[in-house]
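Single-structure report; data block below.
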Amino acid sequence: MVILKMVFLFTISLPELYPVSVLQNFTSALLTGCVTA
859 MVILKMVFLF TISLPELYPV SVLQNFTSAL LTGCVTA
């Protein structure tokens, strides 16, 4: 959970470096990984 929180904060802190589509794909993949794990 701590790692996920860090990744979330890291993604939020650098929104200008990633296209919105890439962020959405990364978020959906991350959520899918959490659900399957």
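Residue 859 is where the sequence shown starts when you use this note's numbering, and the numbers rise one by one after that. Ideal placement from N, C-alpha and C gives every residue a C-beta, glycine not left out.
The beta carbon of residue 894 sits closer than 8 Å to none of the beta carbons in its chain outside the five residues before and after it. For residue 890 against residue 881, the beta-carbon gap comes to about 15 Å, at or over 8 Å, which does not count as contact. Separation of the CB atoms of residue 892 and residue 862 is rounded to 7 Å, and the pair is thereby assigned contact status at 8 Å. At the C-beta level, residue 888 and residue 860 stay beyond 9 Å of one another.
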